[in-house]
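**Q** Dumping the structure here so I can ask a few things about it.
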Amino acid sequence: AGSSGARATKKGEIERAIAMGRSQLAKNQKQAAEKLELISRGGEEPCLKLAEEGAISVVAGLLAESKSGQVRFNSAKILRNLAGNPQLLEQMLDERVCPTLVSLVKFRKPSRMQETVIEAMDKIAVLMDAKLELLPAVPVLVEYLARVELEDQLRALSTLARISQHGKCQYKMVKDGALDTAFNVLLSEFHPNSHRGLAMKAVAELCLNTACHKYVTGYSNDKGIRIIVRLCQIQDVDVAPYACKTVERLAQDEDTALDLVDEGVLAELRWMLEHAEPIVNFTALEAVGALAEFFELQRILVEQKLLPFLIKFSSSPDQRMKQAAVRALALVSQHPVNRSRVIYNGGHEALLYHGKFAADKDLKGLAGDAAAEVLNLPAAKKKKTVIKAAQKFQEGLSDYVEEEDEEISPAAKQWRNRQGLMNALRKTGGEEESSSDDD
């Protein structure tokens with residue numbers, strides 16, 4: 001709630017205003033709504049006191065259902081101000097504020113009525129259960145966005161994006177026109193990236209539901225994939241991460257993944273992997289990982305020079321970034337054509353390390369198997385060999401490089417590291433042969 005209208009409340013003032021709000025007399029309700037709205041502008045403490053004294057149920061019930069437009073408007077402002085206090089949101093949800101907001105948002109008058117209600121909806125929509133209860137308001141939000149000026153659209157777009165995060169809302173939202181509205185914003189020459197970012201977020205969230213994919217790809221006479229790839233060209237941190245998320249989620253189907261690549265998505269993912277913002281890098285890595293699930297694309301990803309980025313980010317200090325990179329690296333390493341390139345670029349070192357030390361069990365197994373395949377180790381002894389090679393490489397390399405570190409060039413150091421690893425592997429392989437009878 002804003003502090004511009006902050007004022008000290010008199011003793012008993014809140015209780016009297018709530019009592020008047022419970023009255024059936026229109027005059028009393030009007031006065032109560034005015035007083036409660038004024039009190040709710042006072043900041044956190046008055047709002048908490050209002051909630052404690054039972055104002056939420058009175059406002060969401062009797063006052064919001066008033067035949068007076070002004071009483072309804074004041075009720076909307078009260079609910080907006082209360083929703084500005086995160087500690088009250090669960091209580092507001094329990095006291096059925098969301099259905100009240102859905103009813104109030106249909107009223108265009110008085111002036112700024114819908115804007116006020118949408119602001120309250122946007123605040124309470126951070127709660128997962130609230131998203132589902134606000135779903136019936138989507139058609140009104142779609143109509144509102146088609147009618148109002150740019151400066152009034154931001155809150156409505158944010159509310160749509162929040163509601164779209166609920167799995168049970170996504171398909172219904174597409175049918176209610178939310179997807180078309182988001183695309184209209186994204187393709188508009190007049191909308192700034194702040195608006196486009198929220199619209200792109202909504203599209204990405206809708207794509208979590210595979211039932212929505214055909215509407216995304218089929219948009220504008222089956223031009224949806226081409227449009228998504230075009231949107232990946234927007235070099236803005238508000239838009240790019242959600243464009244990557246959309247690619248990642250659409251790529252669950254092989255035909256769609258191939259179509260994305262045919263439309264040039266890999267060139268867009270390259271610039272995202274070079275971006276200065278980690279969130280853009282991370283979502284691009286996830287998109288690459290989704291594409292790398294398909295054998296036919298594994299070779300193309302390496303041919304399009306994405307391998308160095310996967311190796312680079314496999315040593316990132318950010319755990320999520322590292323996991324996404326190693327996973328994608330392990331997947332592209334499954335293609336026989338890629339294995340020599342993985343070794344040449346040093347990717348086998350990352351696979352060996354994470355095959356032994358990755359915290360995530362699934363990733364550990366994926367990296368270990370990929371390392372064994374890249375280095376052509378027999379299946380019967382790949383696990384022990386990978387573990388021992390990684391350990392010996394770590395232990396032996398520190399002794400091997402103590403001398404000449406200051407004089408050696410980076411290229412020579414890289415070659416030396418690979419030689420040290422291969423020596424460790426050969427030595428480990430020999431030990432495996434000699435001890436195989438004991439296993």
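Numbering of the sequence shown is given in our numbering, commencing with residue 1 and proceeding in unit increments. Every residue, glycine too, gets a C-beta built ideally from N, C-alpha and C.
Which of the three DSSP states is assigned to P317 in this structure?
**A** Counting from one through the sequence shown, the residue named residue 317 turns up at place 317. DSSP, read as helix, strand or coil, puts P317 in coil.
**Q** Measure the alpha-carbon distance for A251 versus A257 and round it to whole angstroms.
**A** In the sequence shown, counting from the first residue as 1, residue 251 sits at position 251. In the sequence shown, counting from the first residue as 1, residue 257 sits at position 257. Straight-line Cα distance between these residues: approximately 4 Å.
**Q** Which first and last residues belong to the alpha helix (DSSP H) in which R72 is found?
**A** Locating residue 72 in the sequence shown gives position 72, counting from the first residue. Element bounds for R72: G69 to A83.
**Q** In three-state terms, what does DSSP make of E149?
**A** Taking the first residue of the sequence shown as 1, we reach residue 149 at position 149. In this structure, E149 counts as coil in the three-state DSSP scheme.
**Q** Please tell me whether K49 and I14 are closer than 8 Å, where the distance is taken between their beta carbons.
**A** What you label residue 49 is simply residue 49 of the sequence shown in a count that begins at 1. What you label residue 14 is simply residue 14 of the sequence shown in a count that begins at 1. Their beta carbons are under 8 Å apart, which means K49 touches I14 by this criterion.
**Q** On a Cα-Cα basis, can you pick out the residue from K27, L82 and E53 that is closest to L38?
**A** Here residue 38 refers to the residue found at position 38 of the sequence shown. For the residues K27, L82 and E53, the minimum Cα distance to L38 belongs to L82.
**Q** Apply the 10 Å Cβ neighbour rule to Y242 and answer buried if 16 or more other Cβ atoms are within range, or exposed otherwise.
**A** Numbered from 1 along the sequence shown, position 242 holds the residue referred to as residue 242. Y242 should be labelled buried.
**Q** Taking all protein chains shown into account, do 16 or more other C-beta atoms lie within 10 angstroms of the C-beta of R249, making it buried, or fewer, making it exposed?
**A** Within the sequence shown, residue 249 is the residue found at index 249, counting from 1. R249 counts as buried, since at least 16 other C-beta atoms from the protein chains shown sit within 10 angstroms of its C-beta.
**Q** Less than 8 Å separating the beta-carbons of A204 and T246?
**A** As a first step, residue 204 is located in the sequence shown; it is residue number 204 there, counting from the start. As a first step, residue 246 is located in the sequence shown; it is residue number 246 there, counting from the start. Contact: yes.
**Q** What did DSSP end up calling I14 once you bin it into helix, strand or coil?
**A** Mapped onto the sequence shown, residue 14 falls at position 14. Looking at I14 - three-state DSSP - the assignment turns out to be helix.
**Q** Kindly indicate which residue of E189, L206, V185 and F190 has the alpha-carbon position closest to the one of R196.
**A** The sequence position of residue 196 within the sequence shown is 196, counting from 1. Considering only alpha carbons, the answer is V185.
**Q** Counting C-beta neighbours from all protein chains within 10 Å, is the total for Y344 16 or more, i.e. buried, or is it exposed?
**A** In the sequence shown, counting from the first residue as 1, residue 344 sits at position 344. Exposure of Y344 is indicated by the presence of fewer than 16 other C-beta atoms within 10 angstroms of its C-beta.
**Q** If I measure Cβ to Cβ from R226 and keep anything under 7 Å in the same chain, skipping five residues before and after, which residues do I get?
**A** Indexing the sequence shown from 1 puts residue 226 at position 226. If we look at R226 and ignore the five residues flanking it on each side, its Cβ neighbours are E263.
**Q** Grouping DSSP H, G and I as helix and E and B as strand, with all else coil, what is Q298?
**A** Here residue 298 refers to the residue found at position 298 of the sequence shown. Three-state DSSP puts Q298 in a helix.
**Q** Any heavy atom of the ligand NAD closer than 7 Å to the beta-carbon of Y344?
**A** Ligands are entirely absent from the displayed structure, and the ligand NAD is therefore not among its contents.
**Q** In the DSSP assignment, the alpha helix (DSSP H) including C244 goes from what residue to what residue?
**A** Your numbering for residue 244 matches position 244 in the sequence shown. From DSSP, the alpha helix (DSSP H) with C244 extends over A240 to L250.
**Q** Quick check on this structure: which residue in S220, L104 and E189 has the alpha carbon closest to the alpha carbon of A72?
**A** On the sequence shown, position 72 is the one that residue 72 refers to. The amino acid at residue 72 is misidentified as Ala; the sequence shows Arg. The candidate whose alpha carbon is nearest that of R72 is L104.
**Q** Between K201 and I163, is the Cβ-Cβ spacing less than 8 Å?
**A** The residue you call residue 201 lines up with position 201 of the sequence shown. The residue you call residue 163 lines up with position 163 of the sequence shown. It is not a contact, given that the beta carbons lie outside the stated cut-off.
**Q** Pull up the CB-CB distance for G167 and V142, whole angstroms please, since I reckon it's below 8 Å.
**A** The residue you call residue 167 lines up with position 167 of the sequence shown. The residue you call residue 142 lines up with position 142 of the sequence shown. So it is not a contact: roughly 20 Å between Cβ atoms.
**Q** Restricting to Cα atoms, I'd like to know which of L307, V216, L150 and S315 is closest to L179.
**A** Sequence index remark: in the sequence shown, residue 179 carries index 179 (1-based). Closest by alpha carbon: V216.
**Q** With respect to the alpha helix (DSSP H) encompassing K30, which residues constitute its N-terminal and C-terminal limits?
**A** Here the question's residue 30 lines up with position 30 in the sequence shown. K30 -> alpha helix (DSSP H) spans A26 to S40.
**Q** Leaving out five residues before and five after E95 in sequence, what residues of the same chain have Cβ atoms less than 7 Å from its Cβ?
**A** Position 95 of the sequence shown, counted from the first residue, corresponds to residue 95. Cβ within range, chain order: I56, S57 and A60.
**Q** Quick one: Cα of L273 to Cα of S188, how far?
**A** Taking the first residue of the sequence shown as position 1, residue 273 is located at position 273. Taking the first residue of the sequence shown as position 1, residue 188 is located at position 188. It is roughly 26 Å from the alpha-carbon of L273 to the alpha-carbon of S188.
**Q** Please say whether A330 and A367 have beta carbons closer to each other than 8 Å?
**A** Within the sequence shown, numbered from 1, the residue matching residue 367 stands at position 367. Within the sequence shown, numbered from 1, the residue matching residue 330 stands at position 330. Yes. Within cutoff.
**Q** Measure the beta-carbon distance from A161 to V117 and round it to whole angstroms, keeping in mind my assumption that it falls under 8 Å.
**A** Within the sequence shown, the letter at position 161 stands for residue 161. Within the sequence shown, the letter at position 117 stands for residue 117. About 17 Å; that fails the 8 Å criterion.
**Q** Have a look at K10 and E53 and give me their C-alpha separation to the nearest angstrom.
**A** Position 10 of the sequence shown holds residue 10. Position 53 of the sequence shown holds residue 53. Their Cα atoms are separated by approximately 14 Å.
**Q** Decide if G12 is buried, meaning its Cβ has at least 16 other Cβ atoms within 10 Å, or exposed.
**A** By 1-based counting over the sequence shown, the position of residue 12 is 12. When all chains shown are included, G12 counts as exposed.
**Q** Please work out which residues of its chain come closer than 7 Å, Cβ to Cβ, to P136, disregarding the five sequence neighbours upstream and downstream, and give them in chain order.
**A** As a first step, residue 136 is located in the sequence shown; it is residue number 136 there, counting from the start. For P136, where only same-chain residues beyond five positions count, the Cβ hits under 7 Å are V102.
**Q** If you reduce the DSSP assignment to three classes, tell me which class C232 lands in.
**A** Here residue 232 is taken as the residue at index 232 of the sequence shown, counted from 1. Coil, per DSSP.
**Q** Under a three-way DSSP split, which group does G430 fall into?
**A** On the sequence shown, position 430 is the one that residue 430 refers to. Any answer about G430 is weak, because its pLDDT of 44 lies below 50 and its placement is not dependable; what the coordinates show is given next. Three-state DSSP puts G430 in a helix.
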